[in-house]
Each structure stands twice: as structure tokens, then as C-alpha cells.
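Only one structure is covered here, and it is reproduced in the block below.
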Ligand SMILES: C[S@@+](CC[C@H](N)C(=O)[O-])C[C@H]1O[C@@H](n2cnc3c(N)ncnc32)[C@H](O)[C@@H]1O
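Protein chains in written order, with the UniProt record's numbering: chain A, 1 to 274; chain B, 1 to 435.
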């Protein structure tokens, strides 16, 4: 029973606020073709496969935290590659647990140790979580992974034009002070980049428990010429929507406290320029 | 602690007194030449053969700090200047009278006038590009149209067909954005990102095939390469590494604090002649572009006197002359030792005029002596501020070093030592393991 139990997360607490402007010490790929996705999804990139079209990442969870959304989405879309992007090293817990399940532990562990000095604690946490997940879900979670990066600066370094079908922004940091609004991960200017990496028809999901931030995200999307609100009916039918408030650690916390949530769900539309 | 460090570098206060490179721009028909150094705009009218003092009859403020960017409009009717004093000035080039003065919230790092002269765009130190209409006589409010998140935009150019605006930044990125019909509503549609530089991008220039059916983009940067792009889809077509040609040591042998970079690039519109300035080369390198093979090749090096490292280049389409300037503002008095001239500049011109126009590559460029330059002594007096600039080698060496340091400071993000990082991490109590 102890193997299936989730380890206590308080050992791995990350900082309460992270500053997306701060310059980083993680490696940044120069362009999307430089990212070795076979490293992230070895199951989808078998060594002896023909050089046929390589599968591409289609979903991105921006600021994924501990990756709860990816873990929930994985079995719903088992053939879709998904990636989480996280600035803080907490996401590397997930990375490690994935790598373990994929027998890539050695590689990732070395990579990881360069970022943290508490690798021992982390590996203990991961081992526990892995064993728990493996015991109940053999052969799953091959389609999810995570990168440590500043999504506000490096989205185009990871994705090509029109590559993504879904983007998630779940409970992003609110940055209340007006002078810090430009640190918000959803803004009209950053939406230009999100629109660029999304396929026309793709959907962007945002949710927050901070009303003011909810209004802000909605108004940014509303103002943006390349996004249009998804209709009520369609939202009701979308199986992903109920996960927005239930799948992530932050969502669960809000739900426990019976807090309100504010969603904005928009579709990438074609430019009306020509 | 972390936050305050970041805020500091964001607002760019560190750069206040750093040396700013002298800039040069030439009217598209070569009817005038402008050198900007410090807060001074030095204009010489080649048609009338006289020095010109730009005036502001509207009573707007003159530049009061280093000018960081200048540009003529495509038709040459307008000229724009902007920089550390946070003002953008638009000049009519017929009279050299200022017709607009725009207040920016932040220092300005790049400026451009749209292809139809309908708009001016300027990039601030926060990586935001602003636009103002030039279609009205009065000043209207500048509005933001796009942003490079928390980066510094180093170069901004409109494509010759006016459809795109290209912006380059210190984070290795070049963004190509559709320039919309109603530009005041923002430029949201990204056509492509040109990614491949492995260090900051410092300069951009568009070129196109003879029949103008297809356009390309050239860029240079801190990785000491010039790159050729198909900007319609961001494909990197060719990388020309200048390390060897410039007689520079292998990358591994270049000391960290002695890094060298491509600082400016200019090209004849059909790409047959490309001039490149490199921080460690006293002269210019000439490249040429083969559109069908999609390659760049180094044609020739034009060496100049020792310590003459051009800080800016300009070329007009008729490409009779390549204009180069070297100089810097804000040199400390120790850099200048026994020289009182604060705004030291030197202009050198390479001439391509030749009888045989058949083959661009075989034309032999000639570095003009001071006595041979168009406009003669009068021009040199106006643009250089003195005639004895050639004799001030030590001062130029100091200027070259100062400009190099200031560029590195601006482009290279603060790198903290491993120990310092560890210390910061240890002091962050939220990471401490509570057992
Ligand atoms: C409040 S948490 C929400 C995490 C998760 N989405 C959830 O719902 O549980 C916000 C997360 O976004 C991350 N973040 C903030 N800015 C980021 C950036 N620029 N790039 C990547 N991640 C970022 C933070 O580190 C943090 O983990």
C-alpha cells in the first residue's frame, strides 16, 4: 500500500512566486527542429522506425506545475503528444517520474542534478510516485512530458507555426500589481505568439480563481483578432473542459476551498487581413 | 534580491553612460548624408554641397542623449532619429525641419518608417514596438503593435514591398510580422520566426531578386555569422561564418570577455553587394548573394587603417559608394587621454565606380582618400567635426574598445557565477527542506 501512496509534497515546495523576467540557467533550444522529442517520447520514436513524418506535439500546458492536467489528459488522448512547460524546477519531478517509467532514468537524472541540489529527495519522491502509477496503469503516460523553460520567451523555440491543437493556461500566477501586469502569461502581445504556434481551429483554455485575472484573460482574447470565443454548446460537449478545474493541483485546492473559477475558452481563427 | 536585480537590468539603467556607436545613413539618391554621434545629428547636403543644421520650428526638444537609431524613409522624403533621451524626431529632408517629436516611455533602440511613409515605428528598451501615424499633421498618440517579451530589439526593418516588418532581438530571434492595413490596431499575425543565430542578432537587411519576385532577409549577430533567410517561412538558407575570413581566432580561442560580433550589415537591394562590419576587423567585408544557389560568399575584404573599426555602414541602391563611420559618444576622459574632442568620428568611403558594370563581383572597390571623398573637406568637417581625425589612432582604439564593451553589456544578460547562484539559492528559505 505504501508504494501507491503519493509522497508528501511539502518536502518539495517550490517558491510561491516566480518571476518570468528573471534570466534562466536552463538550456534553450535554438529552434524547434533542435528539440529532440525522441528523448521525451521514446515510445513514439522507435529507433528502427522509417524516417516517415515524425509525430508532433499537439497539446501544450503552459505553467503546468506538477503536471496534473497532463496526467489526466494522457489516457483521454493516448495517441496525442503533449508537453508541459514549467519555469520552476518542480516540473522536473514529473519529468523524472516519466523518465523512470521509460527506463531513461540515468539520462534524466544527470540532467536534473545539474538543476537542483536536492536530487536525492526528489528521486525518492519520484520513485514512490512511479511505483504508484505503474502499479495501477501499466504501459501508460508515454505521450506526456515536460520541459523546463520560460514560456513567455521561448514558445517559438519549441513549436513550429500552426503545430498546436490545444493550449492550456491553468491557474496562472495573478501578478496583481498593475506594474507587474506585463508578467502575466496571457497578454495581447503574447497571444500573437500563441496564435502563431496554433493551428487554425485549435483551442486555447484558460481558467483562474482570481476574478480580476479572469476578466483580464478574457478581454485579451476578446481583443485579439486571431481568437474567437467558443460557443456554450460546444464547451458543454468538450470532455476537456471539466478537467480544467479538477485535474491540476491548483484546481483541486480551489475546489476544496469551494472557490469560484473563471474560464475563457477561445478558438484560433484565420486572419481576416486578405 | 532576485527581483531587484531583474528590475535593474530591465530598466537598463546600467547603460546610461555607456558609449554609443556613431551611426551613418545616406539618402536613397545620395543627395544627403547623416552622421549621428551622441546627441548630435550632423547633416551634409551633397546636392547643394553644404552642411545643414536640422531645425525644429515647432519648438520641440532637441536630442539630449545618445541617438541610437536613424533611418531615411524609402522615398527619402523623411528621416527619423531616436535614442536614449526617449524622443523620436521625424524630419523633412527637403528643409531638415522637424515635423514630429514623439515622446516614448522608454529609451528607443530601433526605428523605421513604413514603406509608404504612412507610419513611424520605434522599439523601446522593453522590447515593445510602438507606432504613430504620419498621415496627420499633428502628433497623435503612439500605440504598441507588437512585443518581444522582455528582450531588447536591436534592428527593425520593413520589407521592400511594405507587407512585413522584421524585428530582431538579443535573444537570438528574428520575428517577421504581417504589417496590417490598419496598423494602429496592432500587428498580430506572425508570418515566421527566423531562428538559428546562436547569439544576439544585431542587424537586418532585406534583399530581393532582380525582378523582385522573391525577397530574402540577411542578418548578422554576436555569433559572428551572416545568415540568409527565406523570411516567408523562416527557413535558414545559408550561414556564412566570418570567423576565419576575418582572421579571427577560432571561437574556442576567443576569450570570454573579448567576444567579437557582426555589428552592421547593408546591401544593395538586389543582393549583389553586401557589406559587413565586424568588431574585430579594421575595415569592411564584402559578401555577395547567389539567389539561385541560395548561398552567400565572401568576395573581398577592404582593410582600412589600424583601429578603424566601422560602427555603422550605409549603401545606396546605385551602390556607387559604401559609406562607413567610426565613432562613439560618452567616452570617459581617460579613454580620450589628451584629446578634448568628445564626439570623435571618422568617415571613410569605399567607391565602386568603374567603367565595367557588367559583373558586380569583379568591380574593384577603392577606399577613397580624404581628398577624394564626395563633398570633400567640407563634408568631412561637418560629419567628423574635424579634419585631423585620421591622426587620432589611440583615441579610436579607445573608442573601439568602449563600443565593444557597451554592446556586450547591452546584449549579454548578466551571468552570475556558480558560487553566486548557489549562494542565492541557499538564501532562499522557501527551498529549504523542512524535516
Ligand atoms: C499557480 S501555478 C499553476 C500550476 C498548474 N497549472 C496548476 O493548475 O496546478 C502557476 C505555474 O506557472 C508557472 N509559470 C509562471 N510563469 C511561467 C513562465 N513564464 N513559463 C513557464 N511556467 C511559468 C509557475 O512556476 C507555476 O508553477
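For every residue, glycine included, the Cβ atom is placed at its ideal position computed from N, Cα and C.
Count the other CB atoms within 10 Å of the CB of residue i; is the residue buried (16 or more) or exposed (fewer)?
i: residue 148 of chain A; result: buried
i: residue 174 of chain A; result: buried
i: residue 439 of chain B; result: With chain B running from 1 to 435 in the structure shown, residue 439 of chain B is simply not present.
i: residue 112 of chain A; result: For residue 112 of chain A, the predicted model reports a pLDDT of 48, less than 50, meaning its position is unreliable; a value from the coordinates is still stated below. Buried is the call here.
i: residue 365 of chain B; result: buried
i: residue 228 of chain B; result: buried
i: residue 123 of chain B; result: buried
i: residue 188 of chain B; result: buried
i: residue 141 of chain A; result: buried
i: residue 88 of chain A; result: exposed
i: residue 181 of chain B; result: exposed
Out of the options, state which residue places its alpha-carbon closest to the alpha-carbon of residue i.
i: residue 308 of chain B; options: B/287, B/167, B/271, B/344; result: B/344
i: residue 255 of chain A; options: A/207, A/213, A/217; result: A/207
i: residue 89 of chain B; options: B/63, B/74, B/95; result: B/63
i: residue 225 of chain B; options: B/176, B/273, B/285, B/180; result: B/285
i: residue 126 of chain B; options: B/207, B/109, B/115; result: B/109
i: residue 107 of chain B; options: B/114, B/193, B/41, B/130; result: B/130
i: residue 191 of chain B; options: A/65, A/44, A/270; result: A/270
i: residue 178 of chain B; options: B/165, B/391, B/170, B/185; result: B/165
i: residue 350 of chain B; options: B/404, B/265, B/303, B/48; result: B/303
i: residue 311 of chain B; options: B/301, B/318, B/328; result: B/328
i: residue 148 of chain B; options: B/135, B/295, B/168; result: B/168
i: residue 146 of chain A; options: A/261, A/232, A/38, A/30; result: A/38
i: residue 135 of chain B; options: B/369, B/117, B/141, B/128; result: B/117
Within 7 Å of any Cβ in chain A, is that where the Cβ of residue i sits?
i: residue 224 of chain B; result: no
i: residue 184 of chain B; result: no
i: residue 189 of chain B; result: yes
i: residue 407 of chain B; result: no
i: residue 149 of chain B; result: yes
i: residue 165 of chain B; result: no
i: residue 193 of chain B; result: yes
i: residue 180 of chain B; result: yes
Are the C-beta atoms of residue i and some chain B residue less than 7 Å apart?
i: residue 142 of chain A; result: no
i: residue 179 of chain A; result: no
i: residue 172 of chain A; result: no
i: residue 82 of chain A; result: no
i: residue 120 of chain A; result: Any reading at residue 120 of chain A must be qualified, since the residue scores a pLDDT of 44, below 50, and its modelled position is unreliable; no value is offered.
i: residue 279 of chain A; result: Here chain A comprises residues numbered 1 to 274, so residue 279 of chain A is not present and cannot be evaluated.
i: residue 189 of chain A; result: yes
i: residue 269 of chain A; result: no
i: residue 153 of chain A; result: yes
i: residue 31 of chain A; result: yes
i: residue 27 of chain A; result: no
i: residue 205 of chain A; result: no
i: residue 226 of chain A; result: yes
i: residue 53 of chain A; result: no
Here's a check: name, in chain order, each residue in its chain whose Cβ is nearer than 6 Å to the Cβ of residue i, leaving out the five neighbours to either side.
i: residue 151 of chain A; result: 62, 85
i: residue 197 of chain B; result: 172, 221, 223
i: residue 263 of chain A; result: 207
i: residue 26 of chain B; result: 33, 314, 316, 323
i: residue 217 of chain A; result: 186, 206, 264
i: residue 240 of chain A; result: none
Looking only at its chain, what residues have a beta carbon closer than 7 Å to the beta carbon of residue i, apart from the 5 residues adjacent to it on each side?
i: residue 46 of chain B; result: 30, 31, 32, 33, 374, 375
i: residue 400 of chain B; result: 307, 309
i: residue 384 of chain B; result: 345, 346, 347
Excluding five sequence neighbours on each side, which residues of the same chain lie with their C-beta closer than 8 Å to the C-beta of residue i?
i: residue 272 of chain A; result: 225
i: residue 57 of chain B; result: 97, 98
i: residue 141 of chain B; result: 132
Could you check whether the Cβ of residue i sits closer than 6 Å to any heavy atom belonging to ligand 1?
i: residue 170 of chain A; result: yes
i: residue 250 of chain A; result: yes
i: residue 88 of chain A; result: yes
i: residue 173 of chain A; result: yes
i: residue 180 of chain A; result: no
i: residue 233 of chain B; result: no
i: residue 150 of chain A; result: yes
i: residue 63 of chain A; result: yes
i: residue 410 of chain B; result: no
i: residue 82 of chain A; result: no
i: residue 381 of chain B; result: no
Query - Residues, ordered as in the chain, of the region 198 to 229 of chain B that lie near chain D by beta-carbon distance below 7 Å - result: Protein chains in the displayed structure are A and B, and chain D is not among them.
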